Amino acid sequence: METTQSVKQFTDNREERAKAILQIGNPECLDENTYLVPSQFDSNKKYEVTHFDSYSCNCKDFELRCKGKGLYCKHIKAIILFEKVILLALKGKASMHDAHPDFSRNLLLSQPD
Ligand SMILES: [Zn+2]
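Numbering-wise (my numbering), the sequence shown opens with residue 1 and increments by one.
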């Protein structure tokens, strides 16, 4: 069961990194299916995440470890988190415990009343 464990470990790490990415900056929305996600370590670098039938990213982690396995890289996870928070914000729900508190607060502050 080592494989399952390491997959879960990777997944948990990606979740944490996704939150860290959203701390750096919000993803850019190019069109309704395409986002640019800032790199966690290089603010000049951006990864392209597309969402058609399923999510896809052009980073190495996705290409090598996630693609075809139903796994998502941290950039895709960042987009999923981002969409979740936006959706909740649009619905006017105050509870956003899925996202990092600072990120939610920043997002709330940037929403017009
Ligand atoms: Zn990626």
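We treat Cβ as the ideally placed atom computed from N, Cα and C, and that holds for glycine. As the structure is a computational prediction, the values presented were derived from the model and not from experiment.
What is the C-beta distance between residue i and residue j, in whole angstroms, given that I count them as a contact (C-beta under 8 angstroms)?
i     : j     : result
GLU28 : LEU36 : 4 angstroms
HIS51 : ASN26 : 16 angstroms between Cβ atoms; not a contact.
LYS45 : SER39 : 4 angstroms
Let's see if you can read the secondary structure: which residues bound the alpha helix (DSSP H) around residue i?
i     : result
GLU83 : 74-90
Tell me which residue opens and which closes the beta strand (DSSP E) that residue i is part of.
i     : result
ASP31 : 28-31
LYS46 : 46-51
LEU64 : LEU64 -> no beta strand (DSSP E), and no H or E assigned at all.
SER56 : 55-57
LEU36 : 34-38
Are residue i and residue j touching if we call contact CB-CB under 8 angstroms?
i     : j     : result
VAL49 : ILE24 : no
CYS57 : ILE86 : no
LEU81 : LYS8  : no
CYS66 : TYR47 : no
#### Entry: Touch test, the segment 70-80 against the segment 7-27, Cβ-Cβ under 8 angstroms, three pairs minimum
yes
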